[in-house]
Structure formats: C-alpha cells, structure tokens
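For the sequence shown, the numbering used here begins at 2 and goes up steadily by one.
Here a beta-carbon is modelled for each residue, glycine too, at the ideal position from N, C-alpha and C.
Shown next, in structure tokens, is the structure this report addresses.
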Amino acid sequence: MAGVPPGRPLVPELDFSSQPYGNLSKRFVEDIAYARSIIEEKLPVLSELNALLSVTLGNNLTLFIDARAPDSPAKLLESHPDDGAEPDCQLALRPETIIQFYQGHLDPRYGLFKDDFLHDTAMSKKSIPLAIKFSDLLTPQGPPALPKPTSAFERLPVPTEDIAQVKRDIKEFGYGLVKNALTPTQIAVLRKAVEEQAAGERKAGVARMDGGADATSGPNQRLWVLVNKGDEFLDLLNHPLIDEIVPWLIGDHALLHSYLANIARPGNIPMVMHTDQVAVQPPIRDVVFGVNIMFALTDVTASNGATRIIPGSHLGHVAPADIFSIEGTIPAEAPAGSAFVFDSRLWHGTGPNTLPPGSPDSERPTIFMFFMRSFIRSQENYSLSLRPDVARKLSQRQRKFLGFCATGTVGGQEGYITEGTYFDRKEDCVGAIRAPHEPYMPGSVNGA
C-alpha cells in the first residue's frame, strides 16, 4: 500500500507473496498510458499556457507540450520541437500524480511542492507559475480564481479586545487580531522560555532551522512539540482564548494538531504561501477544519517577518498563482502580546525578515498553537513524541488536547471508546493469550 511492500511474514503459512491481485509493473505502464491520455484530452485548455513544457512521467517517457501558437490548441510532442527551443518549464511527475490531479483527488500546489514548505524550492522561479497552471488545468474545476485584492476591501481587521468583533473578522476575512491577549509579564516569561530553549537546542546540536535554500539551512528556528519543553508552554494551554475561539469555529473535541514556536530571523527566505488544511486531500474548501492561534512575543512588523496573508482567501475556490511569491499579500502586523487568530483555509506564510542582524527586535519570536477537528490525524504524533515525564503531569484538559480522551467513536484504548473517558499510555495491553478452543456455552463466565 502506498508504495510500501509487505515485510517478511512471521507465520510461514501466512505468506501471501504468491497471491497477488495485480502486477505492479503492468500497473505502472497502464498509469503512464492513462496520464498521457489525460494530457491529450486537456490539450485544448493547455493552450492557455502560452509556453513550451516538458513533462517526464516516471523514468522512461518525456512528453513536450507546445502551447506557443496563439489561438491554437496545444500540441503533444514525443521529442523536442523542430525549432530546437528549450522548455520554459520542466516537470518530472509520477503518472499517478497526473491522474490524481485529473480526478480532483490532489491539490496541485500540495502535490507539486509538499516537500518545500519550510525552505526554497529547487524549481526555477520562472517555472513555478507555469507548473502550477499546467496542473490546475488538469483538474475537474480548472484553475482557481485569484484572491480578491486587498485594495478591494473597505476595511481590514485591527487589534481589538472585542472578541465578538474578532469572530466577525475571522468569518469575513479569515483572521482576527486580539489585543492584549498576554500581559507584559506573561510576554516576558514566555519570550525568555522560547529564546533560552532555542539557544539550548542550538548548543546541543538539535536545533531545527529553516527559511534557507534547503531543508537543513536557514536562519529561522522552530521549536517543535512545545508540550515537552517547559511548564510555561503547558500553562499557555490554559489560555481562555482557546475556549472562546476553538469550540466556536471547529467544535468541542478539537485536538492540538501542532504546538511550536517560530523565530523569524534576518536573511530568511519567505515561507511558501499555504493553507493549514492543505494536507486534507482531496481538497475541501467549503469546510473549516482548523484554527491557528499565534501569540506575538514582540512587536510583529513587516520588517521582522510578520506572517504574510491574503485577506478573504479562506472563502471559495481561490489560490495564488505563485505560492513562492508574496506579491498581493499583506503583513499581519500586531503589537507584542497580541494573538493572531486565523481560519485554516487562509493563504499565509512566514514573511521575510529584512532587518539588520542584531538590531532591536530583529528576531521575531512567536508561539503557534494549531487546533484541528478531532477526526483529522494530527501533525505531531504525540503518542510517539510525548516525553514520559511530561505525560505524568498533564492535566485532563491537556491530555484531551493531545488525544488521550475518547470522543465519539474515536480515540479509545483496547476497544473502550466511551466519550469522555481518559486514557494513559499502557505498557501491558492485552497480548497473545492462547487456550484450547471450546464451544462457547450460555452462562460461561469471563475468567473461568
């Protein structure tokens, strides 16, 4: 399944390797043929590309799509065009990716760039819009509309203590700004914890850096799994803003999808524009699945890396044409202590920090707590990453956020799924227990 072959059987009689229902090599050839037929079917609309593209399917077939002739359908070529022109965009895609685009099962921006969220992409900047448009044209609904320009709005959200207004802003614009969500003392405590933890992780050689040319470089630093990294971060999960916003937007049983600090530093590369429910595939835009709460531990400005956003982009089938460009975005600026609250469908990304290194407030520390509906698999697998010493001191509220409480018919343990039941990690779950089989008789007692 999903390209992972079965492992060696533990019971020889249960070796299924000689009982295949299909031939993977044959299926790959069939997928290539199907992907090619999709491109052929879409040639009339691919003329909108007005460019020459090459698409390599798997390792053995490269097709050329010549859409340079105005007012004419695109042509599908087996080799370079006769004029010897080099492609304006070169793509290497698995045939099943083409098929998933065509069936509407995979969002093109996610399918093309899901490994490039925290660093720059290797694709040339000129090629990015063409790659996206080509993929959009394969989908059932076609290219999404461009987001509404900011100039079209009569007003935009400003920091306020009026929670009712914040909620109206979230509904209309996809985000709201809560003023004075943290007191100056709370800011100082949390900022000290973030900065010292960041320094400690760098010194220990375990820091997670991003915002650079590749996945291992960059000046930005993220502190993942904050529940493990200090009592300050556990206490922040008691913030009343969670109770006011999260159930209102996504229901009572939301889970903590991820919990991290993000320090944007000078010289970073802006993060790719994305939505926080991009991993929900097939893409669903008419339901909000999550809400993010970002606490500003310093004044957040356009200069020090404020999150770039596209107001109103949470509604409808809309997306930027180039997700590696911040053109058309605005910075979500707010004073220290504010909370930036946004719908998971909003297009956004960490902005560029253009301040000189070492200048006042040149580092932008923020804390993100992201909640998702309870049936969505969390970004952080807390059953694997939660430290045992932290698990022992969690409150029921915190345990519920991390998924250690049954809700509905999910989140149970050993078959017990009564809603509201809390569970702890067990090292002695029932394992293999064998006894000679005897027919069950009425009145038999468990344990007898």
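Give me the residue from Ala337, Arg9, Phe135 and Tyr103 with the minimum Cα distance to valine 179. Out of Ala337, Arg9, Phe135 and Tyr103, Ala337 has the C-alpha closest to the C-alpha of valine 179.
May I ask you to verify whether the segment 268-285 touches the segment 223-234, counting CB pairs closer than 8 angstroms and requiring at least 3? The segment 223-234 and the segment 268-285 do not touch, with fewer than three beta-carbon pairs separated by less than 8 angstroms.
Bridge partner(s) assigned by DSSP for aspartate 117: Partner(s): none; aspartate 117 has no beta bridge.
Within the chosen definition, does the segment 314-325 reach the segment 128-142 through at least 3 CB pairs nearer than 8 angstroms? Yes: the two stretches touch, three or more of their Cβ pairs being nearer than 8 angstroms.
In chain order, what residues of the same chain have a beta carbon less than 6 angstroms from the beta carbon of alanine 265, not counting five sequence neighbours either side? Closer than 6 angstroms at the Cβ level, and outside the excluded window around alanine 265, lie Asn221, Gly306, Thr351, Asn354 and Arg365.
Can you tell me whether DSSP reads tyrosine 111 as helix, strand or coil? Note: tyrosine 111 maps to helix in three-state DSSP.
Report the rounded CA-to-CA distance for leucine 107 versus threonine 217, giving the unit in angstroms. So the alpha carbons of these two residues sit roughly 27 angstroms apart.
Using a Cβ-Cβ cut-off of 8 angstroms (strictly less than) and excluding sequence neighbours within five positions of threonine 63, which residues of its own chain qualify? Excluding positions up to five away in sequence, the list reads Ser55, Val56 and Thr57.
Of the choices Ala123, Pro82 and Val195, whose alpha-carbon is the least far from that of leucine 92? Checked all of Ala123, Pro82 and Val195; the closest Cα to leucine 92 is Ala123.
DSSP state of proline 88, grouped into three classes? Secondary structure at proline 88: coil, using DSSP grouped into helix, strand and coil.
By DSSP, does arginine 95 sit in helix, in strand, or in coil? DSSP, read as helix, strand or coil, puts arginine 95 in coil.
Nonlocal neighbours in the same chain, by C-beta distance under 8 angstroms from arginine 192, ignoring five residues either side: Around arginine 192, the same chain offers Leu298, Thr299 and Pro366 as residues with beta carbons nearer than 8 angstroms, after the five sequence neighbours per side are excluded.
Mind checking who phenylalanine 371 pairs with in its DSSP beta bridge? In the DSSP assignment, phenylalanine 371 forms a beta bridge with Ser259 and Asn293.
In whole angstroms, what is the alpha-carbon distance linking threonine 330 and threonine 308? Answer to the nearest angstrom: the Cα atoms are 9 angstroms apart.
How many Å lie between aspartate 117 and alanine 436 at the Cα? Looking at the two C-alpha atoms, the distance is approximately 53 angstroms.
Under 8 angstroms between the Cβ atoms of leucine 44 and alanine 70? Their beta carbons are not under 8 angstroms apart, which means leucine 44 does not touch alanine 70 by this criterion.
Is it true that the CB of valine 292 sits closer than 8 angstroms to the CB of isoleucine 251? Their beta carbons are under 8 angstroms apart, which means isoleucine 251 touches valine 292 by this criterion.
Whole-angstrom distance between alanine 68 and asparagine 239, CA atom to CA atom: Whole-angstrom Cα-Cα distance: 57 angstroms.
Cβ-based burial, phenylalanine 17 [other Cβ within 10 Å; buried from 16]: By the 10 Å Cβ count, phenylalanine 17 comes out exposed.
Quick one, are the C-beta atoms of methionine 295 and isoleucine 368 less than 8 angstroms apart? The Cβ atoms of methionine 295 and isoleucine 368 lie closer than 8 angstroms to each other.
If we count Cβ pairs, one from each stretch, closer than 8 angstroms, do we get three or more for the segment 204-213 versus the segment 241-257? Contact fails: fewer than three Cβ-Cβ distances are below 8 angstroms.
DSSP bridge partner residues for valine 209 (one or two, in chain order): In the sequence as presented, valine is not what sits at residue 209; that position holds arginine. Beta-bridge annotation (DSSP): arginine 209 is paired with Arg223.
What residue from Glu162, Ile39 and Ile270 has the CA that sits closest to phenylalanine 102's CA? Closest by alpha carbon: Ile39.
Under a Cβ-count criterion, where at least 16 other Cβ atoms within 10 Å of its own Cβ denotes burial, should proline 21 be classed as buried or exposed? For proline 21, the number of other beta carbons within 10 angstroms of its own is below 16, and it is reported as exposed.
Going by beta-carbon coordinates alone, are alanine 189 and leucine 242 separated by less than 8 angstroms? It is not a contact, given that the beta carbons lie outside the stated cut-off.
Pop quiz: histidine 318 and glutamine 142 are said to be a contact at Cβ under 8 angstroms. What is the actual Cβ separation, rounded to whole angstroms? Confirmed, Cβ separation roughly 6 angstroms.
What span of residues does the beta strand (DSSP E) with valine 56 cover, start to end? Counting along the chain, valine 56 sits inside the beta strand (DSSP E) bounded by residues 53-58.
With a Cβ-Cβ cutoff of 8 angstroms, do glycine 59 and arginine 95 count as a contact? Taking the C-beta atoms as reference points, arginine 95 is found nearer than 8 angstroms to glycine 59.
Going straight from the alpha carbon of serine 259 to that of valine 226, what length do you get? Whole-angstrom Cα-Cα distance: 7 angstroms.
Which residue wins for smallest C-alpha separation from lysine 427, given the options Gln414, His438 and Thr419? The residue with the shortest Cα to Cα distance from lysine 427 is Gln414.
Just verifying my parser: in three-state terms, what is the DSSP assignment at glutamine 278? Glutamine 278: coil per DSSP, three-state reduction.
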